[in-house]
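Working notes for the structure below.
Protein chains: 2
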Amino acid sequence: MSDAKFGGMPPDTRALYLSDEALKQGLDLLFVAARDVAGKSAEVLSAAGLGRAHARALHFIGRNPGLSVAELLDFLKITKQSLNRVLNDLILGGFVERKTGTKDRRTRRLQVTQAGKILADAVWNAQRPMLAAAFRAAGQDAVNGYRKVLIGMTGDPERWRSKP
Amino acid sequence: MSDAKFGGMPPDTRALYLSDEALKQGLDLLFVAARDVAGKSAEVLSAAGLGRAHARALHFIGRNPGLSVAELLDFLKITKQSLNRVLNDLILGGFVERKTGTKDRRTRRLQVTQAGKILADAVWNAQRPMLAAAFRAAGQDAVNGYRKVLIGMTGDPERWRSKP
DNA sequence: TATTTATGTCAGTATGTCTGACGCAAAATT
DNA sequence: AATTTTGCGTCAGACATACTGACATAAATA
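Top to bottom, those sequences are chains R and Y. Numbers 1235 to 1398, taken from the working numbering, label the letters of the first sequence in order. Numbers 1235 to 1398, taken from the working numbering, label the letters of the second sequence in order.
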């Protein structure tokens, strides 16, 4: 009865790569990688008097110029009150611009300024080596697998991109 | 000169899967997956009056029965003061036990209690489907790639396990 | 014996997040 | 045209998580 513990599970759950241990290790890896890559950004931003929350917002605004506040909120999954404190810091610091939308004038379109781009690039330069080295060492096929698994967890990344 | 922007980079950086865009998308995926999987744990634990910090500690103690405080600190990468608040909450709640080590009586060996195991299992049951579905849908090869990439970012996961 | 190590604690602070309530302008609906 | 809804900003207060710095204790180690 070596497979008793798989009784209530879908048939191929007994595959080793779907065992609880394998899944939990996959979670550990995810946690540690996210922790470490966020840590890299903190090092750079603390010099500018900003924190990780600012890093995430700045990064995503940089990646989606002209996105709306609602789109940013949807990506970050925080409340607008939380975001606004972060956003105001970034705007006061001159890193982000908030412009009234043209099509729908209720919306605010966000984009990084020149200074914001420089800061975001500095953050990215601190993070990139970690990603790049891992991607390069693992190779294209492994990276495809990485993407496939994470997309399975999160859904299509295109969903998060701004639709201007 | 279509490859001007690759001038200062290692030779195969021009490979599409090593482009800045690909790396940044890899980062986005990592962030969103970590955010979502942590969110699952929060749903369960808030009912017990605990938060995400407790979830991480409980999870890792459960995975490494008898680990020392130092080992847990090394995994979580927080200060002992931060950890102690969390740990005391878990101990007060009856979810974790802290026992003086036998070999080195300065250390405290941590382990989950029966109630702690039940709680940790409840958290895991909330998180597992996300991981399991993604792993299953992606297939073994993709999961191997996922692991390979993340291990490249973080180092060998065995490093985090307790050594009793 | 003197020192170092592993841990726990007290006090104060910073950061990031939350809920709830309110206001406003623009768009959408009736 | 009047009304409702939407997208956003803000004030106020609160909680969770984490930090620094200082100090205490017991056990191991030199």
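We put the beta carbon where it would ideally sit given N, CA and C, even for glycine.
Within chain R, partners of residue i - CB distance below 7 Å
i, result
"Gly1300(Y)", "Chain R residues near Gly1300(Y): none, gap ~17 Å exceeds 7 Å."
"Gln1259(Y)", "Pro1391"
Closer than 8 Å to chain Y by CB, residue i
i, result
"Gln1374(R)", "yes"
"Lys1333(R)", "no"
"Ile1206(R)", "For chain R, the structure presents residues 1235 to 1398; residue 1206(R) sits outside this window and is missing."
"Asp1262(R)", "yes"
"Met1235(R)", "With a pLDDT of only 46 at Met1235(R), under 50, the local geometry of the prediction cannot be trusted, and no value is derived from it."
"Gln1361(R)", "yes"
"Val1303(R)", "no"
Proximity winner among the options, relative to residue i (alpha-carbon distances)
i, options, result
"Ile1312(R)", "Phe1294(Y), Arg1269(Y), Arg1286(Y)", "Arg1269(Y)"
"Val1330(Y)", "Met1364(Y), Lys1337(Y), Arg1290(Y)", "Arg1290(Y)"
"Gly1296(Y)", "Ala1376(R), Leu1252(R), Lys1258(R)", "Lys1258(R)"
"Arg1319(R)", "Ala1276(R), Asp1254(R), Ala1256(R), Arg1286(R)", "Arg1286(R)"
"Phe1294(R)", "Leu1263(Y), Lys1382(Y), Thr1388(Y)", "Leu1263(Y)"
"Lys1274(Y)", "Met1387(R), Ala1281(R), Asn1322(R)", "Met1387(R)"
"Lys1324(R)", "Asn1359(R), Leu1301(R), Ala1282(R)", "Here residue 1324(R) is Leu; the residue named in the question, Lys, does not match the sequence. Closest by alpha carbon: Ala1282(R)."
"Ser1280(Y)", "Leu1321(Y), Ala1356(Y), Phe1309(Y), Ser1316(Y)", "Ala1356(Y)"
"Ser1396(Y)", "Leu1292(Y), Asp1254(Y), Val1303(Y)", "Val1303(Y)"
"Trp1358(Y)", "Thr1341(Y), Glu1255(Y), Val1278(Y), Ala1249(Y)", "Val1278(Y)"
"Thr1336(Y)", "Asn1378(Y), Gly1300(Y), Leu1353(Y), Leu1292(Y)", "Gly1300(Y)"
Residue i in three-state terms, based on DSSP
i, result
"Lys1397(Y)", "coil"
"Lys1314(R)", "helix"
"Ser1302(R)", "strand"
"Thr1333(Y)", "Per the sequence presented here, residue 1333(Y) reads as Lys, with Thr not at that position. Lys1333(Y): strand per DSSP, three-state reduction."
"Ser1399(Y)", "Absent from the structure is residue 1399(Y), since the part of chain Y shown begins at 1235 and ends at 1398."
"Asp1338(Y)", "coil"
"Gly1386(Y)", "helix"
"Ala1281(R)", "coil"
"Gly1379(Y)", "helix"
"Ala1249(R)", "coil"
Cutoff 8 Å: residue i Cβ touching any chain R Cβ
i, result
"Lys1397(Y)", "no"
"Phe1329(Y)", "no"
"Trp1394(Y)", "yes"
"Lys1274(Y)", "no"
"Lys1382(Y)", "yes"
"Arg1370(Y)", "yes"
Amino acids of chain Y, ordered along the chain, whose beta-carbon sits closer than 7 Å to that of residue i
i, result
"Arg1269(R)", "Lys1311"
"Arg1297(R)", "Lys1258"
"Val1357(R)", "Ordered by position in chain Y, no residue passes the 7 Å Cβ test against Val1357(R), which lies about 11 Å from the chain."
Under 9 Å from the C-beta of residue i: neighbouring residues of chain R
i, result
"Glu1344(Y)", "Correcting the residue type first, residue 1344(Y) is Leu in the shown sequence and not Glu. Those within 9 Å of Leu1344(Y) in chain R number zero; the least Cβ separation is about 17 Å."
Within chain R, partners of residue i - CB distance below 8 Å
i, result
"Asn1322(Y)", "Here the premise fails: no neighbours, minimum Cβ distance about 22 Å."
Query raised in the report: Going along the chain, which unbroken runs of the beta strand (DSSP E) with 3 or more residues stay wholly within the stretch 1340-1365 of chain R?
Result: 1342-1346
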